[in-house]
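**Student:** Residue numbers (the working numbering): 4 to 143.
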């Protein structure tokens, strides 16, 4: 299509992860809370292993989607150049870890976007595909 992506802060690092890593964490937290009979607790699910800059993600995306147009733009907001999440509690109490490498999470994310953008599935088929993906992920 004719959309040009607006990209800011190419060198800023972010803790990238796949949504399945987060879902898996929340499932483990729910199980933990139910088993321990606690009322509530806060959890972070972030990978310290996948901190790469925006430029890396952009380049991988451009490799996958050859016809993407983009331009660098300035931001009116001050952004932290190095975001981090402390997920020590989740790792210790839930034994939670991300399952995907940065390469795998990029590949899976880009494939999912391709499916959505190209409308390869009907809505019901897409939901089933994503639920099957989550089930397969959790069984790994």
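Every residue gets a Cβ at the ideal spot worked out from N, C-alpha and C, and that includes glycine. In this text the structure is predicted, and so the values were computed from the model without any measurement.
Which one of 83, 85, 80, 60 has the shortest CA to CA distance from residue 73?
**Tutor:** For residue 73, the nearest C-alpha among the options comes from 60.
**Student:** With DSSP as the reference, label residue 132 as helix, strand or coil.
**Tutor:** Three-state DSSP puts residue 132 in a helix.
**Student:** Taking a contact to mean a Cβ-Cβ separation below 8 Å, would you say residue 11 touches residue 110 in this structure?
**Tutor:** For residue 11 and residue 110, no; Cβs fall outside 8 Å.
**Student:** State whether the region 79-89 contacts the region 31-46, with contact taken as three or more CB pairs (one from each stretch) at a distance under 8 Å.
**Tutor:** The region 79-89, when compared against the region 31-46, does not touch it at the 8 Å Cβ threshold.
**Student:** Go ahead and label residue 24 buried or exposed: buried means 16 or more other beta carbons lie within 10 angstroms of its beta carbon, across all protein chains shown.
**Tutor:** Residue 24 comes out buried.
**Student:** For residue 10, which three-state DSSP category applies?
**Tutor:** Note: residue 10 maps to strand in three-state DSSP.
**Student:** Since residue 55 sits in a beta bridge, which residues does DSSP pair it with?
**Tutor:** The partner list for residue 55 (beta bridge, DSSP) reads 17.
**Student:** Check for me: the alpha helix (DSSP H) holding residue 114 runs from which residue to which?
**Tutor:** Where residue 114 is concerned, the enclosing alpha helix (DSSP H) stretches over 105-121.
**Student:** Since residue 120 and residue 18 are thought to touch, with beta carbons under 8 Å apart, how far apart are those beta carbons, to the nearest angstrom?
**Tutor:** Rounded, the Cβ-Cβ distance is 25 Å, inconsistent with contact.
**Student:** Hey, out of 27, 118, 108, whose CA is closest to residue 100's CA?
**Tutor:** Minimum Cα distance to residue 100 is reached at 27.
**Student:** Where do the N-terminal and C-terminal ends of the alpha helix (DSSP H) with residue 31 fall, by residue?
**Tutor:** Note, residue 31: alpha helix (DSSP H), 22-39.
**Student:** Compute the Euclidean distance between the alpha carbons of residue 20 and residue 49, then round it to the nearest angstrom.
**Tutor:** Going by the C-alpha atoms only, they are around 7 Å apart.
**Student:** Pick helix, strand or coil for residue 91, following the three-state DSSP scheme.
**Tutor:** Looking at residue 91 - three-state DSSP - the assignment turns out to be helix.
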